[in-house]
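Heads up: the sequence shown begins at 0 in our numbering, then just goes up one per residue.
Idealized CB from N, CA, C, for every residue including glycine.
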Amino acid sequence: MISKFESIFNRKPELFLFNTMSQKKERFNPIEDNKARMYCCGLTVYNYAHIGNLRKYIFDDTLRRTLEFFEYNVTHQMNVTDIGHLESDADEGEDKLEKEAKKRGEDVLALARFYEKAFFDDLQKLNILMPHLITRATEHIDCMIDLIKRIEKNGYSYFSDGNLYFDVTKMKDYGKLARLDLSSLKAGARIEVDERKRSPYDFVLWFTNSKFKNHILNWESPWGEGFPGWHIECAAMSIKYLGEQFEIHTGGIDHIPVHHTNEIAEAEAATGKDWVKYWMHSEFLVLDKEEKMSKSLGNFITLNDIITKRINPLAYRFMCLNAHYRKKMIFSYKALESAQNGYWGLKEKVINEKEKCEAKEIEQKILENNYDINDFEIARFCKSHIEQFVTAISDDLNTPVAMSVIFNLLKDNSIPSRTKYATLLIFDRVLGLGFASFTRGQITEEQKKLIEEREVARKEKNFQKADQIRETLLSQGIVLQDTLDGTHYFLE
Ligand SMILES: [Zn+2]
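Written out as structure tokens, the structure reads:
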């Protein structure tokens, strides 16, 4: 897509991404050819995803769409954790899935598949493109065992009281991602003293003797019957599908000190090579008072919770796009409702432009990426908007600025509608709000009459009645927008 814009920029625009490893924005430069291989840590499927989790998958999706927009050859992989994730991210506590399954008296894998399906449904409702590769931990035990064997052969492990541990002191740069100070034996408040470990930072590669004796899912291994530690699944499955070195690995910021730190130790101990080039982490969604949303704190809100409150999932996507992924996003229903109003305002404006032009023809060309920068006079009228949009997203995915470019474009009355609509569709390839699917929809004669009645009430300054009618229609799924040329409606 970007090569179409070269005449605008007089060069191929470059993409800059913030790398947690260097703590700097760096120019994206693939390891191999034009490849952008990205591994994104997925969900532990013992419950519904909460909207804080989903913020991270909206970030992954925006990153993928941006890389595709910049014409990289993207392979997007995500894991599904259906085994081995203990209650702490380290080695403490019971397996999250097994604990939940036992509590409910259900089969572990049936529970995992149920929540996996619910998670994928959420992704679809948020217009998130499904990863090219979705890999489940339980289906890759052999590949984890193979990687552990390589770690063992290279001398990075020891066996203690039934479990195989990773020996972090053998790794000269252990903890480089989180800049951990190993000399301080405190090892972070979350790591408990475990007498089986030589260093408090050591972690389990393979359990045969977990503290929870009645573990349900176990596999044969060279170290005895048992199950893998959590981190190895991401190291092993990403290496299997993306190679021993690849471009991008993403996760939430909570993954930095333990999970990603240990993944790096495992991968680099096994291969002897630098593993991932760019580490990207998305910030938390926090509740008022800066409290993190989490299942263990019991304060989590799911996508279905907000749908029940008549919030469109895409209004949540809109809200996320209006915050930078590296900034905390403060959540409240009030903020979400105001995001939904913003989303509705955008929808009305997009539909309005769409109705004034030959939308089908434009959609066909842009959505199939089968257009030229001079088609629909895009270059002539929207050169500066495209420049601003590309500059924003190339600056470490600055979506809030990209969104403001969209609103400025919509406001610009010097641009013909068809040019505007074509340019909006180009931008939507990155934002994923689904502009092409925006329509007013059909309403009944009765509903039309109500809208007219409300117009009259407004003219008579009977705002109470006008608001009542608005609420009635909203409860029927019809959104009203008061514009300069009268009241418009569309279906939610
Ligand atoms: Zn992971």
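query: Three-state secondary structure assigned by DSSP to GLU282; result: coil
query: Residues near ARG417 in its chain [Cβ-Cβ closer than 7 Å; skip 5 each side]; result: CYS356, GLU357, ILE361, PHE375
query: Proximity test, CYS142 beta-carbon vs ligand 1 heavy atom, cut-off 7 Å; result: no
query: Option nearest GLU224 by Cα separation, candidates PHE113, PHE206, GLN475, GLN467; result: PHE206
query: Any non-hydrogen atom of ligand 1 closer than 7 Å to ASN369 Cβ; result: no
query: 7 Å CB neighbourhood of ASP60 in its chain, flanking five on each side removed; result: ILE127, LEU128, GLY431
query: Euclidean distance between Cα positions of LEU163 and LEU490; result: 57 Å
query: Stretch-stretch touch, CB-based, cutoff 8 Å, three pairs: the stretch 284–294 with the stretch 16–30; result: no
query: Shell residues, 5 Å Cβ cut-off relative to heavy atoms of ligand 1; result: CYS40, CYS233
query: Alpha-carbon spacing of ARG54 relative to LEU85, whole angstroms; result: 23 Å
query: Bounding residues of the beta strand (DSSP E) (the contiguous stretch that carries GLU362); result: GLU362 -> not in any beta strand (DSSP E); alpha helix (DSSP H) instead, spanning 358–366.
query: Minimum length 4: unbroken alpha helix (DSSP H) runs contained in the stretch 27–90; result: 50–68
query: Three-state secondary structure assigned by DSSP to TRP503; result: For residue 503 there is no data in the structure shown, the boundaries of the chain being 0 and 491.
query: Cβ-based neighbour list, ASP145, same chain, cut-off 8 Å, excluding 5 preceding and 5 following; result: ALA235
query: Three-state secondary structure assigned by DSSP to GLU138; result: helix
query: Burial state of ILE178 (16 or more Cβ within 10 Å); result: The residue you asked about is not Ile; residue 178 is Arg in the sequence shown. Exposed, by the Cβ-count rule.
query: CA-to-CA distance, PHE119 to ILE215, given in whole angstroms; result: 26 Å
query: Inter-stretch contact (C-beta, 8 Å, three-pair minimum) for the stretch 32–50 and the stretch 384–401; result: no
query: Cβ-based neighbour list, ALA264, same chain, cut-off 7 Å, excluding 5 preceding and 5 following; result: PHE165, VAL167, MET170, TYR173
query: Backbone CA spacing between ILE65 and PRO221 [nearest angstrom]; result: Per the sequence presented here, residue 65 reads as Thr, with Ile not at that position. Rounded to the nearest angstrom, the two C-alpha atoms are 43 Å apart.
query: Three-state class that DSSP yields for LYS486 in the structure shown; result: What sits at residue 486 in the sequence shown is Thr, not Lys. Looking at THR486 - three-state DSSP - the assignment turns out to be strand.
query: Proximity winner among PHE158, LYS308, VAL275, TYR324, relative to GLY476 (alpha-carbon distances); result: LYS308
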